[in-house]
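In terms of our numbering, the sequence shown is residues 5 to 130.
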Amino acid sequence: MSAANHKAEGYNPLCGDHFTVYVDIDGDSIRDIGFQGSGCAISKASASMMTQILKGKSTAEAEQLFARFHKLVTGAPTANGDQTELGKLAVFSGVSEFPVRVKCATLAWHTLHAALEGKQQTVSTE
């Protein structure tokens, strides 16, 4: 993504997932977002859905969505309506039953968080 003004790299050594997340931010709005890399089906599906859902959202909305998504996949208690607000991301609710897969589902999101904060080091799920 040539217009990206924020990017970060993420790696899950346990599963081998490796992504770079590219974000084009205009003011506080995510104008465009994409990722490149390889990984298991869960990590790729999560990254793909993340990019679709976050286009046009503010960075604050992105961080809030990440927090809700993280609670969903870790099985943490959530507020009423959180699953509804997650929309299609709710399909990942079953990931909480497989703790090793939580890292796969959240890698792109942790990488996005690092990109938004301008962190230069590679994000790791370990």
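All C-beta atoms, glycine included, are put in the ideal place defined by N, C-alpha and C. Bear in mind that the values here come from a model prediction, so they are computed numbers and not experimental data.
Length of the line joining the Cα atoms of PHE96 and GLY31: 31 angstroms
At least three beta-carbon pairs within less than 8 angstroms, the region 117-126 to the region 100-107: no
Bounding residues of the beta strand (DSSP E) (the contiguous stretch that carries ALA12): 10-16
THR126, DSSP secondary structure in three states: coil
Own chain partners of ALA8 with C-beta closer than 7 angstroms, once the 5 adjacent residues on each side are dropped: TYR26, VAL27 and ASP28
Alpha carbon of LEU111 to alpha carbon of GLY79, nearest angstrom: 17 angstroms
Reduced DSSP category for SER62 - H, G, I as helix; E, B as strand; rest coil: strand
Cβ neighbour criterion (16 or more within 10 Å) applied to GLU13: buried
Nearest to CYS19 (by Cα), restricted to the options THR63, LYS92, ALA45 and ASP36: ALA45
Heavy atom of the ligand ZN within 8 angstroms of CYS44 beta-carbon: Looking at this structure, you won't find the ligand ZN or any other ligand, since it has none at all.
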